[in-house]
RNA sequence: GGGUCAGUGGCGGAAUUGGUAUACGCGCGACACUUAAAAUGUCGUCUGCCUUAACGGCGGAUGUGGGUUCGAUCCCCACCUGACCCACCA
């Protein structure tokens, strides 16, 4: 056989396979299907390193074996290329990301091709291909139609470096997962997917999946289901109620304060009632300033501030407790408020200790004393007891008493009398029982323990509420004991080592030992309720629902999982199939008389408008600061000259003359003018009124106020200003409080109260907002299915703006869409956010089934044929993102009938990283990157494949070793040279044939379970054995080649053809093991004496137990071990071993 | 702090219904082939002690300490170390 030239062989067969379309997947009913999937790569500019193909090699091996075993195999590959890395690369290199992606994809593909994978490239997908993302957009549209996609204005995680919002899943330790920058909270409009609607199903169906347990566990943690109670605390002298979430309502009687998160909606309101308003405002502001990392650092000291004067009422006992604002309570979990039970919660404990708040113990550990349990038929007495643990510092010994009538050893102990505390009681007991007089307290051993036992000395069952106090003897001064005490027990000093549950008669001992010498801490375990009204004495785990009901609360299920923030303020992503009505872009807020701009109404309006994407200008120009209306106008004019027909002006508290001036100046150029709370009463002259009304036919008066005694002719106004929504006082009187109503002809809005200019409260604001709604970007409109895809346009600059708008917003010819014709024509505006990187990868496995279909995401028949992915291989780092998102989308697609299965990936196998030779993560930064191209060129793809599989367990991280790879190359060459030993008249030994069959079984099984390192080692063993034979049959060699074909497809194909086979080895049937041939007829049996191997011998594998025993006993090596001993027992494992259990003859 | 997994020669690792610990490979050593080197092949390679010319023999070792068992890398308990994931989630 000629020399092994890997380059020539590999190129030749790769070309040939492509030409023959050897690996094309077909749907046909005659064969069972097998769908093997890799997590498709994200082609970066760096190209592949040797770690990347590891998973692909494994799926390649599995898919090749399955194909040879007669399955229709689907093993596709594609590219995920939207998102930040490609975009950042484009910014850096100043190239269109589409071009860079195409280049990177081509490079990746080439790198993959030389490794010889069996991908069906005719099914390649690319998430950035409009033909592909059309369907990503389609899925989004369906989600939107079903109410599972919505716009939210809640604060979200914002990365100031990437200049985009992030999903919860994209934040790691408070930092942006991509760039490591600390994320901020920023309020902005976002598209959000309601993944929480699927939380229960995502959790429950995990049980149906054959996935690694740690990945399932991370998903469970991420979903974070917890059951608990929602309970309301009333606020004294206030209408509001604080709703808290707790998993431990059984501790309700231990509540000593209530805590609100700084962002809690009630805080703003409650702080007005707080005596320390400034302090609270400062604390809240500070909390908002902090980054998530600072906030959530668990090591950080807990901080908070009391709402001084605000009092909450505990619903179970009507007790009044203080209210705090503290940032250890998270705004976005539960209800954003907690009831604090410092005795039984570590965080509350830490906070209470720091601020010196009361700790009330209501749960006691429960001990049932098994050695001396309560007895039936005896009365039960509940007592408060104390144990005294007294140490003599001179000797280190502990004081104990040994009971004379009972086999007990206890500490000095006894009941706590009325009016006594536990320390006094303990001292008294020590004195009475042992006579020692002078003690000092060293430690109080935490809270009480409830113990149940039978008190034999009193012939009753005890429920003891026990505490314990530790003392040191000050001196050994001691009084003699009473005769009565002397009769009962003996005083002893014990070695501290003897203080163990087996040496002492205390059910509580383990608790004391656990607390001894430690700082006191919260008891967070289960136990018996104390001081809890009617619930006292009950078990904590049993009363939760009952006590919740008693508190008027409800039992609820909560999830940690948050809805998926789905929009990014970046260029390189799928555009949303969404149009917005073009509305106001900018608003001018003008405050007139005396308003300062600080007032609540202004702030609220500004925030509301900004949240809807309106740019708000609110110059601090007030009529109050100007001597004349004209000078006011003059200051205002330059600030407003840019305002145009798309803009609105809102005037608040403008006097009549100012309003008229404003209208006259601006009504021609601006879109709409709204006047709120205007003192139109100033307009005394009806002609002026007419002027005003005629000047603003397109404008609105939302509310008028009368402050001076001047009657208004409402009918006249409404006739003149048909758009007006007037709110007038019911009886036209001026005396507050008065009620404004709208004439019955229009929508009636009632507004109670004068409001002291704080018109943010009540319907005056709402009425205006209702009007404004028509002018704001509102209810999005879905792009019709026929108009998909919404193609991502080319853009000059990819830089993110940082303002919360994507670069797309600057492309007006793309953003503005004209719909309708003639009179109905209107211009709509495209959504300019783009989808996150995870969108395309959430469903790509479906598209492989039917990649070119223009009518359907996937043809239902094909979807039904391929069904679930049978085997999915990829990195464990996707546990809480891709793998949750894809499951979510799949379930949704199931719900709308697109797919027929409830879960996308039946079996998941995670792949371990390949690290650099230095043990560090392979990265350009460390200069430890190994390029597969170099390895393939030097050693060949087959060697690379075998080595990567042989390195170690597949799912384990492991360091690359080019030296270690030599072994794989040698193995390949040995197989190659073995060809020279093929001889038709070869006679192989029976044991070699047996090994061959065992190897078939092992390799088949190992591949199926991705135990590829042992599969390779089995093949090596086989080759080693065959090399020792003088010659081997062609039949055996062909079996070996077929077993090796999935690992080394090129070399085996070459050898296979060289043997005269006309068709590809990769279409040849997989060898079947013959169990009858897989075993030698003789086996080695081990002879043991007392479990130690003393001899071994060969024997027919079906030898009987008796034969084996007889033979072993007669062996000289064994005789010397058995001689003079008595065989107590003989254990025979047929075909394996015989073990003689012997002992000395008595 | 919680979860998951792991710890075996100089190194990567193998060994599962509890039955010969260290397969396979790397490295290392010796030898053969060679003028030489490389390549290749053969043999050896956990460890201590005893013993021999050579052979051989006895004991110990799978992170540590216990337990169950005729027998434990494997099962149980406690602890130590490391990795990964999650974490102020009430």
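Numbering (this note's numbering), first residue to last: 269 to 1414.
For glycine and all other residues, C-beta sits at the position ideal for the given N, C-alpha and C.
All values reported here derive from a predicted model rather than from experimental measurement.
Annotation: residue 762 to residue 660 spans about 10 Å, alpha carbon to alpha carbon. Collapsing the DSSP output to three states places residue 730 in a strand. From the listed residues 1203, 1129 and 1176, the smallest Cα separation to residue 1167 is found for 1129. Our two residues, residue 1118 and residue 551, have alpha carbons roughly 57 Å apart in a direct line.
As DSSP reads the structure, residue 722 sits in a beta bridge with 729. The beta carbon of residue 1173 lies closer than 6 Å to those of 1137 and 1140 in the same chain, with the five residues before and after it left out.
Going by C-alpha positions, residue 745 is about 18 Å away from residue 738. The criterion of a C-beta distance shorter than 8 Å is satisfied by residue 1178 and residue 1142. For the set 1301, 1274, 1296 and 758, the Cα lying nearest the Cα of residue 1311 is the one of 1274. Distance from the CA of residue 1216 to the CA of residue 1186, rounded to the nearest whole angstrom, comes to 17 Å.
Under a 10 Å Cβ-count criterion, residue 636 is classified as exposed, with fewer than 16 other Cβ atoms of the shown protein chains found around its own Cβ. Take the alpha-carbon of residue 1230 and the one of residue 446: they are about 31 Å apart.
Taking C-beta atoms as the reference points, residue 408 and residue 845 count as a pair closer than 8 Å. For residue 1068, the number of other beta carbons within 10 angstroms of its own is at least 16, and it is reported as buried. The beta carbon of residue 596 sits closer than 6 Å to those of 570 and 615, all from its chain and outside the five residues before and after it, given in chain order.
Annotated as distal: residue 657 and residue 1176, with beta-carbon spacing of 8 Å or more. Counting only residues of its own chain and dropping the five nearest sequence neighbours on each side, residue 626 has a CB closer than 7 Å to the CB of 524. Taking all protein chains shown into account, residue 588 has fewer than 16 neighbouring C-beta atoms within 10 Å of its C-beta and is therefore exposed.
Contiguous alpha helix (DSSP H) elements confined to the segment 1040–1115 occur at 1080–1083 and 1112–1115, taking only those with 4 or more residues. A check of alpha carbon separations from residue 720 across 649, 711 and 1344 identifies 649 as the nearest. Relative to residue 767, the option among 755, 780 and 759 whose CA is nearest is 780. Residue 754: member of the alpha helix (DSSP H) spanning 751–756, first to last residue. Segment contact: the segment 711–730 against the segment 783–802, three or more CB-CB distances shorter than 8 Å; contact assigned. Secondary-structure assignment with DSSP links residue 1229 through no beta bridge to anything.
Using a C-beta cut-off of 8 Å, the segment 1317–1324 makes no contact with the segment 1341–1358, since fewer than three inter-stretch Cβ pairs fall below that distance. Taking all protein chains shown into account, residue 317 has 16 or more neighbouring C-beta atoms within 10 Å of its C-beta and is therefore buried.
Of the residues assessed, residue 1224 falls on the exposed side of the cut-off, its CB having fewer than 16 other CB atoms within 10 angstroms.
Taken in chain order, the unbroken stretches of alpha helix (DSSP H) that lie wholly in the segment 1139–1177 and span 4 residues or more are 1150–1163. The Cβ-Cβ distance between residue 698 and residue 605 does not fall below 8 Å.
For residue 514, the three-state secondary structure derived from DSSP is strand. For residue 1280, the enclosing alpha helix (DSSP H) covers residues 1280–1296. By the Cβ test, the segment 1276–1289 is not in contact with the segment 1328–1336, since fewer than three Cβ pairs between them sit closer than 8 Å.
In the displayed model, residue 792 falls within coil according to three-state DSSP, outside both helix and strand. Within the same chain, and ignoring the five residues on either side of residue 1347 in sequence, the residues whose Cβ sits closer than 7 Å to its Cβ are 1262 and 1369.
In terms of Cβ geometry, residue 1102 and residue 836 form a close pair [threshold 8 Å]. If you ignore the 5 residues before and after residue 1189, its C-beta comes within less than 8 Å of the C-beta of 1181 and 1183, all in its own chain and listed in chain order.
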